[in-house]
Structures are given as structure tokens and as C-alpha cells.
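Printed below as a string of C-alpha cells:
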């Protein structure tokens, strides 16, 4: 009994201590104020910090934003602003994402949100950002992001438009391919991507024999691979796959099942991760996109972000590039509109479009008439492609921005520019 | 249903209506017979003692009678109705109450609440009315609280009504168990070793109480190791050994029965232990 | 009479909360808190019969989806959809409940958990129910006169009403003979049976009522949040719901969930400054609370009275 | 379906199933003996995989030695967790569940923060393919099956033949009686926790060269294990074995025959078991009597 009581006492003390330190932690944040002559512009972001991609994106943003501020920040109508990036964890979930967005909008009074990743938190926050007229430049694959009802949200990732350029390249690399089997995760992204890729593949004259969905958390792909192999298609495509070891496991299983045909994927595999789980033979010949930092003669921006990232963290991670387009789009949009009023900025870029530079090259906002949306709301970008040769990505060519948009227009229909 | 009762002086009749009867009742545990082919009759308003050495199957018999366990063979008939294999709550609703051997109480409730919970079946108003707290339901609740106090006073626990059951002395816990069983207003009360661990003084108090309970019109089937007490209070005694009935009769007949004495002597005289 | 004064003051505070909290973000947290309280109370109701469920979120989901489908496909008013969704939840709870309520203990825990998984799978797999992407653009509750339910304040009063309704309903149940029967079952199922209590019927009743209350919380959630997706209703939400109840104090069926949900909903927001180590802090505090306050937050008053005694007999007592 | 394909799917299902068996047996052991519903079990699996990775890749230890070492690491960690946390609330199922949930939150995020975001993998230890008839079976799968069977036999020996195993079974049957017989129940609880969690850690080590190593790999595995418990029941190791194999086979053949619908098949099997055998195939339905 005695022991237990003293334990209780100690426990309550440590709990109090934790509380107090928490309060101090919070208050210390508000004490640190920036100098006055330069104004601060608050920009918000929510990232899934429980996943590698969220943490990497956070690390990259924490490199780019201070650098941007040091270089003079943002000048709007003669007034200089430094960017204060407020970043919260959305745990890739709707509930935490919504709470984070509400906090950004009402507590921190941000007018711009950038670089969100997960569809669930984005869609959950959509109701608030739209009604509060907060501009969002977000990633995420869900077609709901570019639905015509929305006015302030812009999809700045290329996931929705990367398929037609990919298949343009695929027809060059595998000219004789006639049939394809899709392997995609059983979640919203996987299903949406698979539907889209079916449309694209048929448009390129390749027959889709089967779409196989697997649960999102699958690690054992042997049986699915055996099934996929049994169709004996010319190609295997992996719509909506997550770049990481899971993708490597799929390639490994396909190889083990005896599949030796062509393989394509719209994602940029992280070579250090997939080579950790799959042998070089299993990866050989995969056609995939490539980060702008890895191509021969990268653009200056790509070179710069890679150098800065390595200076701060030592080790380079390609994953940090995938989701940061929103930041560059945001900066360009403010510069173009020369205004901090979301209403003005949103109207301008939704009607006039926007072109900006990302590490991969050039990107632009496009309309989505196929989804009934005649605003400039979605993003097309220059793409670099590679094939895996001997465990390494070997650059095979670029699809320039113009060609990418044309390919999209051809497949999905309507005028995108 | 009329059954012949051997040499029952108290009833004064050769044939009486039985309240509860079992016919060739058997219960096996993995091939081992806890009760085998048991015929037992309980007459109305009697106190029937059930004795036997450890492992004789007394507790199993109670579990079968009260519906905790289903018998493998045989019938249990209560008030002329076949209750074999009915669920425990159904049997309780028909009027068989049980007070447990170990102190099975609502330990974290007060004495009052223990007995109050026991009144579950005796509400006339339905759960719906009780939920809405209608005037009638509240009146009934007050009425029942009064009856709780009556029982507590009757059994001599009124003073400790606000104590937690777990804080009661052992003897009082046993009596509280009987109180809860009485709250169900049973016709037949199964008592599992109510005198276990009591000193002579407490024993005689409880025996008086049991007589008073019987006077209220409740038949008692009593399992007890304290042979003296059983001899004193019971109208009739049934002796079990290895799940079989080896003797039945008036207390003094049983006291002289050689088979009974053998059974007890063979059982190491250990009578206070816990029966499985 | 001191308690009554405190109670009235507290009531006024709650009613005037929208005037005190200016930030809609704080109102959002309070609204989510109210939903979590109802869910935790539904857990506590099953616990009051001795059953431990890790499937509360499943019935929350059923309520949310049923209400959404009624409003969006049948074009009926929210005010009709709310009770209809609750009834639907009740029917589904009856079906599941009559299968699983018979097996209490750990088996019940695992079964409710699997039911939760089945419900989430069904919501994700069936396209009619929105699939994994969920449903977007769920309309707000239909306006009643000038009250439009667009602002957080209006939503707050609506969920407050539902919460108070739940509390009153649950309180009436706990203080009725039904509640006493539940308590008997929880404290001693063996003894309860000999008192003529039908364990199955009473547990099933608790299961249905708990699910129905989760159902109307779900209906409100869908129309307040505007979007629903299956991931929200996963097993891990159910585990959180269980934790709300445990933290508050399991022996307090109404106050326990309120206090526990209050802490577990607001603490992660409070610790948001911790960025990626926030779950480590939340998890650590949870573990510490469970170890040092096993009776829940509400057992602090009992515990505090220990301290003087502890200092007193620090030298004398040696009982381990 | 050709017989070669059938053999392939069978071996595949067996390999996956045996991994489930390992983890689920640990869960059952912890639940049965220490009375802890361990939501952090999946995290011990994850830690086992990371420990094996660290030993194998960073310290260049032989694979088999590193899985054994990482088993001990996980066992030690589990025992420490038991002594620091669960010991204070032993016997209370709900409090233990809540505490283990907190532990799971800490471990998962702690792994992400301290081990980095890069997902890991180990090179295959057995790369060959074994031909049995027409079927080409990857040697690594067969090795997994053999390893798991050997570990389960070891566990059987531990539980049935050793003093510790007898003590554990006694404690599982009746803690008080066991304590009266002079068994140090605290020790037994802690050891049960250590053994149970080290089984998860071992499984993590065994799958490391087959699959990938990520901080959140535990969640999905834990949910699968709950399904195993539903199928096999919570009572016995035998239930865990059968449940694990049933789930493994269902998924293996299900994916081939039904593709993406196999999850539905899995859940309908589980639903049927819920209706007709609510305690699981090898579990007793314990009613409150």
C-alpha cells in the first residue's frame, strides 16, 4: 500500500511537471517575435508526419522557406514580407486534418495553405477553406480537389495529369505492347488512378486485361503477382502505387512469379528503398518518372534545392521533392497577382492561368473540362523519364510541358489551356 | 403431484405435495459423475438438509437445480412444472432463490443497494415506466425501498445498511447473501453453507433466522457441513456421497445410519474445506 | 445547496460558451469534443453491463452514413434523417448484438473489433456508399426559421442539445431498474442471474441503446463535418473512444467520458507545438495517467485524501 | 488451376500463415498469462524487424545470429515495459489495454523519429528457387515455414516441458492458486510478456528479408492478428495455429481466385465464424455462469 501511494504521488508530480513544461513550450513560441520593418506573412501547411513522405516534405520546406526569407522574401506592392511557415501534423486522417486546418485558419489566421499531401485531410478541410476563402495549393490525388464546385483550391501535384505523358513515353519504349494488367491499391487513390489509366491505355491502343486491387497495407504480393502473371500481358502498370518499399515488393513478387514483360509506373521510385527489398533483375527495365535533380544536366533550381538540402541534413532524399510544388506555385501566384488577397489571387490565376518553375522543369495550371471544371485548377508539368538499368535509374528522355498538355487534351478531351 | 414420504411425522400424512423433485438426475464432468441417478423430493415448508463429504456433488446439485449447469440426464420438476435445462434467470423467476457458498455479493455496493438490486423481479411497473420515472414507478420504488428495510431489519442488518458489502464481517456477508436471495421472494431457497466459518453464537442466531424465514412460507434446501446445526434445524436430511443418495430420513435416523457414519469417517473428517 | 450553485454556474458557462470562445477553431474542438463525449458514453454504457467494446466507431459510422444517404439520395430533411439514422443504427446493432452479446469477456472485445473492421471494409468496398474516398458535400442541417446551422455557434447548440439529451437519457436509464440490473450484471453476473435478470436481454438492450446514441452522434457528425470517409471510423478510433472512458474513470458512467474525452481531445491540440513528437507525448501522458491514476481523473479527490495519510504513516507502515 | 500453381499458392499461404501464427501465439500468450490485451504487439514486431536490420546491415552480423539477438532485445524491452508499466496495473484488462495503446503510439512515432523516414529492407538470405514437380518455389518462403515451425516447436517445448512453461500454465489457469503454490507470479507475468513479445520480434526478424521494414508496419499486422484470434479463439495456442493458417491460406488462394474481392471473402468467413462459432474454432464460449 505504502509503496503504491508514494508512486501515485510521484506520478502526479511528473504529470504536473509535464503540463508546466508544455505550457512553457507554448508560451516560448509566442515570445519570439520577428523585427517589425519587414512584415511577416503566415502560410500554413498540414503534413502527415506519421509517414516518411510527410516528414521529408517538412524537412524540404524547412530548407526552402528560410532560404527564401534570407534572399529577401516576398515583395508585394512594395512591402517586404518574410514567410512564417506554420506546419501541423494531420496524421493522414480526416479528423486531425480538419482540426489542423481550422487551427491554421482561425487561430493562426493564415490566408494561404500549401503542400498538403493526403486526400483525406485535404478533402476534410475543403469545406472550411472554401467557406473562409483561404487559398490552398495542395498535392493529393483525389479528383474531388479539382471539382468545379471549388473556387480557392488548386491541385499542384501532377498525379492527375501524369498518365498521358507517361503512356506517350511508354509507346516509345514498348512500341509492340498490346495488352496491360493493372495492379493498384484498394483505396481512393488506387481506384481513381486505375480508372483514369484504363481510359488512357485504351486511348493509346493498349487493351486493359484486368485491374487487380490489393489492400493498402499489403506486403505479401506473391498470390496477386501469380494472378497478374496468369494473364500473360505485355505490360504491367502500377497505378496509384506508393513510392517506397511496397512498390519494390510488388516488382519483386512479379519477378518471382515469372513475369518478364515490360513494366511502367507513373511514380518516381526511391532507388535506395526499392533496391533494399528487390534484386536488380526484378527491377530491370521498369519505365518510370525521374526527379529533376537526378537527370543529366539538371535545371538550376533542382541543383540548388539538392545542394541546400544536403548542406542541412547531409543525406539526400528524393522523396522530399515530390510534394513541394505547391510552394513554388504559391510564390509565383502572389508575385503574379501582386496582392495578398486570396480572392484576387484566386480569381486571377483561375481565369488567367499560371506558369512557374519547379525542380523538374516548367509547370502550369490547366483547366479540366473533362471534369466539368473550366477554371485553371490542375497542374501539368514537364516530365523526365527513365528506365531502371542494373539497379540505377537511367535517363531516357523528357516530355516537355507542351507535349504533356497536348497528350492530356488528346486523351481526356476538351481544351486545357 | 403426490409422493409418498417415508415416516414423516411432522407432515402427519403419508402423501404430501412435493414442491421440488428430481428424477434420475445425472451430471457428468468428463466421464466422472458428480451426480448420478438422484431422486430428491422437497416438501413445501420444510427445511431439508443436504449433507455429505467433500466432493459428494452438493454444489453441483445446486448448480443444476438453479440452472447454472444443464444435467446430462433426468428431470427437475418444480411446482409440477418441468424446469430441466431452463436458464438460471428463468428458474429464478419461477421462484427458486439461491444464496451462495462463497461470499457472492455485489462487493462494491452498500448493503442496502445489494438488497435493492435483489428486488429486480418484483417490480409491477415495467422498465419503460421506470426509465421515465413516472409517479407510479417512483411510488413503487419508494415502496420497494421500504421492503428492503423490512428485510434488513428482519435479518438484523439494518444498522449496517450504508456500509459497503466488502467491509462487512464475514458472518454478516453470509447473512447479506440470504437477504439478497429473500429479496427475490422465492418459494424455495437454496442455501449453500450459510454457517461456514461462524462461531457457535453466530450459528444459533442464523439458525433462528432460518426458522423465521421458514415461518414466512419459504421452503429451504440447506447444504451444510456443521452436522450439529443440521441436526438441530432440519426437518429431514438427505445424505449424498459420490453423487448418490445414500440415506434419507429424520435427523435422528440419519445420526444412527451406519453407511452415513462410514462415509464421513472415510472422508478424512475434513468438512470445512472448499468443495469444488 | 453548494452543489446546485456550482451546477447552475457550470450550466450557464456551457450555454454561453460561444460568447466566451471567439475563435471558430476552438468551437470546432468543442463540437468534436461533444461528439467524442457521446461516443465515450456509449462505451461506458456497455461497460456498465460488464462488456468492453472496441466497436463504437462502427455504429458511429453507420449513423453517419445512414443519415447522409437518407438526405442525399432520398432528399429528406436532416430532422427526419437524424431519427431514421438512429433507428437504422439500432436495427444493425440488434443484428450484430444478438450474435455477439452472448460471449462476454475478451471474446466480445475481439468480436466488436472485427465488426468494426467489417463495417469499414464494407463502406470502402461498396461504391454506392462512397467507396474509400467517402462522400463529399453533405448538406448542413436544414434551417429552422432564422437558425441556419452554417455558423459554428448554431452547430454547437445542436450538438449540445444532443449531448444533453444523451446525458439525461442515460442518467434516467442508470437510475432506473434497468440501470440497476445492468449494474448487477457488471458487478456479479452469476448473482445477477439468480436474481432473475436475463443477461442476454439486458446486455442486448444496452448494446442497442449505446449504438443508437453513437448513431445520432454520427448523423450530426456527417452533417457538421460535410464529408465522411471510412478511414475516420477505423478500429483505432474505437480504441481512442475506449481510452476517453478509461481516463475519465470507469466507475463514472457519465462524468468519466466527459472528463476523459475533454483531456484526450484537447491535449493533442495543446501539444501540437511538439510537431512530430506529439504522439510520443500524448502516448506517454496516457501511460502515466493510467499507471498513476488507475481509477481515472475523477478518482483524484479520493486519492488526494491519501496524501496526508501517506506522509503520516510513512515511517510506521510496512505493508507491501 | 494447375497443380504447380496450387503448390505455389499453398507454400505461399503457409509462409504467410506461419508468420501470423507466430505473432498471434505471442498475443495469445500475453493475453492468457499476463492478462494484457497488447495493442503494442505490432510495434514489438516492428522493433524486431528494425533490430534485425540494424544488426544485419549496420553491424554486419550473420542473419540467423541477428534474429536471435534481436529476439532477446525485444524480450528485454518487453520485460522492462512490463515492469515499468503493466506491473502497476496487472490484472486490469482495460487499463492494460489503454496503457499498451499509449505505448504503441510512443513506439510507432519514436521509430519514425529515431530510425529515419527511409523505408528499409534486407537483401534476401536465400535467393534460390526450388523445383518440386512443375512448381518453382522460392527457397526463402520454405525457409520461413521451416523457421516458424521450429520456433513453434520450441515454444511448445517451453510451455509443456520446462518449469517456466508449467508455471505459466498454472498462472493462466488460476493465478491465486499458482501464487499459493509458491510461483512468483510477477516474474511469470513479466516472462510471459517477454516471451510473447519476443515471438512478435522474431517474426519481424524473419520477414525482414522478405518484406519491408517501416515504422507503421505493426498496425496492419495487429489487425490481421485480431482476425486470427477470431478464427482460432483466444484460449489455446492450437487456435492461434489454425487461425493463422486459415487466414494465410484464405488470403493466398483468395487473391488468386477473387483478386481484390478476397478481403470480402475473408470477412465473410470471419462473419460465419462469429455467427456459428462465436468463441472461435478452438475457443469455448464462456458464458457468465
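Protein chains in written order, with our numbering: chain A, 1 to 417; chain B, 418 to 693; chain C, 694 to 1013; chain D, 1014 to 1302.
We put the CB at the ideal spot given by N, CA and C, even for glycine.
All figures in this text were calculated on a predicted structure; none of them were measured in a lab.
Distance between beta carbons of residue j and residue i, contact taken as under 8 Å
i: residue 871/C; j: residue 453/B; result: At roughly 42 Å, the Cβ-Cβ gap does not stay under 8 Å, so residue 871/C and residue 453/B are not in contact.
i: residue 473/B; j: residue 658/B; result: 5 Å
i: residue 760/C; j: residue 915/C; result: 5 Å
i: residue 163/A; j: residue 266/A; result: 6 Å
i: residue 755/C; j: residue 781/C; result: 7 Å
i: residue 92/A; j: residue 148/A; result: The pair is not a contact, with the Cβ atoms about 26 Å apart (cut-off 8 Å).
i: residue 264/A; j: residue 170/A; result: 5 Å
i: residue 946/C; j: residue 738/C; result: 7 Å
Beta carbon proximity, residue i to chain C, threshold 8 Å
i: residue 583/B; result: no
i: residue 49/A; result: yes
i: residue 31/A; result: With a pLDDT of 48 at residue 31/A, under the threshold of 50, the modelled position of that residue is not reliable, and no figure is offered here.
i: residue 601/B; result: yes
i: residue 119/A; result: yes
i: residue 520/B; result: no
i: residue 587/B; result: no
i: residue 332/A; result: no
i: residue 510/B; result: yes
Endpoints, alpha helix (DSSP H) assigned at residue i
i: residue 200/A; result: 188–203
i: residue 1083/D; result: 1076–1097
i: residue 303/A; result: 300–313
i: residue 1071/D; result: Where residue 1071/D is concerned, there is no enclosing alpha helix (DSSP H), given that its DSSP letter is neither H nor E.
i: residue 89/A; result: It is not in any alpha helix (DSSP H) - residue 89/A instead sits in the beta strand (DSSP E) that spans 79–89.
Distance CB(residue i)-CB(residue j) smaller than 8 Å
i: residue 1011/D; j: residue 1039/D; result: Only positions 1014 to 1302 of chain D appear in the structure, and residue 1011/D is not among them; the question remains open.
i: residue 1135/D; j: residue 1222/D; result: yes
i: residue 405/A; j: residue 380/A; result: yes
i: residue 1235/D; j: residue 1037/D; result: no
i: residue 799/C; j: residue 1077/D; result: no
i: residue 750/C; j: residue 913/C; result: no
i: residue 134/A; j: residue 122/A; result: no
i: residue 302/A; j: residue 359/A; result: yes
i: residue 1058/D; j: residue 1231/D; result: yes
Enclosing beta strand (DSSP E) for residue i [first to last residue]
i: residue 665/B; result: 661–666
i: residue 384/A; result: 383–389
i: residue 115/A; result: Here residue 115/A belongs to no beta strand (DSSP E), and DSSP marks it neither H nor E.
i: residue 658/B; result: 653–658
i: residue 1151/D; result: 1148–1151
Residues that residue i bridges to, as DSSP identifies them
i: residue 252/A; result: In DSSP, residue 252/A forms no bridge with anything.
i: residue 439/B; result: 457/B, 493/B
i: residue 181/A; result: 210/A, 236/A
i: residue 380/A; result: 364/A
i: residue 515/B; result: 607/B
i: residue 45/A; result: 87/A
is_contact[residue i, chain D] using C-beta, thresh 8 Å
i: residue 782/C; result: no
i: residue 156/A; result: no
i: residue 265/A; result: no
i: residue 879/C; result: no
i: residue 28/A; result: Annotation note: pLDDT 49 at residue 28/A (below 50); position unreliable, no value reported.
Closer than 8 Å to chain A by CB, residue i
i: residue 664/C; result: Within the shown structure, residues of chain C are numbered from 694 to 1013, placing residue 664/C beyond reach of any answer.
i: residue 660/C; result: In this structure chain C extends from 694 to 1013, so residue 660/C is not present and cannot be described.
i: residue 1005/C; result: Here the model assigns residue 1005/C a pLDDT of 44, short of 50, so the residue's position is not dependable and the matter cannot be decided.
Chain B within 8 Å of residue i, Cβ atoms only
i: residue 1012/C; result: Its pLDDT being 33, under 50, residue 1012/C is placed unreliably in this model, and the value from its coordinates should be taken loosely. Residue 1012/C does not count as touching chain B.
- Closer than 9 Å, Cβ to Cβ, to anything on chain F: give me those residues from the stretch 365–380 of chain A, in chain order. The structure shown contains no chain F; the protein chains it does contain are A, B, C and D.
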